[in-house]
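S.K.: The sequence shown begins at 0 in numbering that gives the first Met the number 0 and counts up by one. Here a beta-carbon is modelled for each residue, glycine too, at the ideal position from N, C-alpha and C. The structure's right below; bear with me while I get my questions together.
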Amino acid sequence: MSHYMQSLKQAARRLKKETYAVYLASTDQRVPWYARILASLTVAYAFSPIDLIPDFIPVLGYLDDLIIVPLGIWLVLKMIPPQILAECREKAAAEIERGKPINRAAAAVIIAIWIGLGILAAIWLTRIFKR
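Here you go:
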C-alpha cells in the first residue's frame, strides 16, 4: 500500500474518532448548550445519507463532505472544555477499539431531524401554494 493511502486511512480513522468524541460531548451536560446543539447537527450531518450537495454532482458532491463535516467538528472541538474533550476522546477510542460503536438512539435522532425538516418543508410549501 502506498504511503498516500496509508496516511489517508489514518486521517479517516482520526476523523471517525473525533466525530464519535463530538457525539459523546453532545450528550454531556457539562458542555455548553450551544456546543451540544452544533455537535448534534454536525454528527447528524456526518452520518446522514442526505447531503446538501448530492454526491453525483462531479467534484462539488464530495466537497461538502470534505469541508462541512471537518469544519463543523473543528468548530465544536473549540467550544468543548479541554478536560471534557479529553474524556470524550478516551471514551471514543475505547469504544472504537472494542468494535464499531452502534447507537440506535443516535440513528433515531438523525431520522427525527430529517422527518422534522420534511414536515417543516411541507408546511412551508403548502403556505406558498395557497397564495
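So the candidates are A38, F55, H2 and Q9; which of them puts its Cα closest to the Cα of T18?
M.R.: Locating residue 18 in the sequence shown gives position 19, counting from the first residue. If we check each option's Cα against that of T18, A38 comes out closest.
S.K.: At which residues does the alpha helix (DSSP H) containing F46 begin and terminate?
M.R.: Position 47 of the sequence shown, counting from 1, holds the residue named residue 46. Per DSSP, F46 belongs to the alpha helix (DSSP H) from W32 to F46.
S.K.: So for P57, helix, strand or coil by DSSP?
M.R.: Position 58 of the sequence shown, counted from the start, is the residue given in the question as residue 57. Note: P57 maps to coil in three-state DSSP.
S.K.: Measure the alpha-carbon distance for R29 versus K90 and round it to whole angstroms.
M.R.: Residue 29 sits at position 30 when you count from the first residue of the sequence shown. Residue 90 sits at position 91 when you count from the first residue of the sequence shown. Near 16 Å, if we compare the C-alpha coordinates of K90 and R29.
S.K.: Helix or strand or just coil, what does DSSP make of D63?
M.R.: To locate residue 63, count along the sequence shown from 1; it is residue 64. If DSSP states are grouped into helix, strand and coil, D63 belongs with the helices.
S.K.: In terms of residues, what are the limits of the alpha helix (DSSP H) holding R88?
M.R.: For the purposes of this step, residue 88 is taken as residue 89 along the sequence shown, with counting starting at 1. Per DSSP, R88 belongs to the alpha helix (DSSP H) from P81 to R97.
S.K.: Pull up the distance between the alpha-carbon of A34 and that of Q82, whole angstroms please.
M.R.: Translated into positions along the sequence shown, residue 34 becomes position 35. Translated into positions along the sequence shown, residue 82 becomes position 83. If you take the alpha carbons of A34 and Q82, they lie about 15 Å apart.
S.K.: If contacts are defined as beta-carbon pairs under 8 Å, then K8 and I95 qualify, I think. What distance do you get, rounded to the angstrom?
M.R.: Numbered from its first residue, the sequence shown carries residue 8 at position 9. Numbered from its first residue, the sequence shown carries residue 95 at position 96. Wrong, their Cβ atoms sit about 14 Å apart, outside the cutoff.
S.K.: At the level of alpha carbons, what is the spacing between I131 and M4?
M.R.: For the chain, the structure presents residues 0 to 130; residue 131 sits outside this window and is missing.
S.K.: Note down, in chain order, each residue of its chain lying with its Cβ closer than 7 Å to the Cβ of L23, except the 5 sequence neighbours on either side.
M.R.: Residue mapping note: residue 23 aligns to position 24 of the sequence shown, counting from 1. Taken in chain order, the residues that qualify are C87, K90 and A91.
S.K.: With a cut-off of 8 Å on the beta carbons, I'd call W113 and S25 a contact; round off their distance for me.
M.R.: The residue you call residue 113 lines up with position 114 of the sequence shown. The residue you call residue 25 lines up with position 26 of the sequence shown. Rounded, the Cβ-Cβ distance is 17 Å, inconsistent with contact.
S.K.: By the three-class DSSP mapping on this structure, what secondary structure does S6 have?
M.R.: Taking the first residue of the sequence shown as 1, we reach residue 6 at position 7. Correct three-state label for S6: helix.
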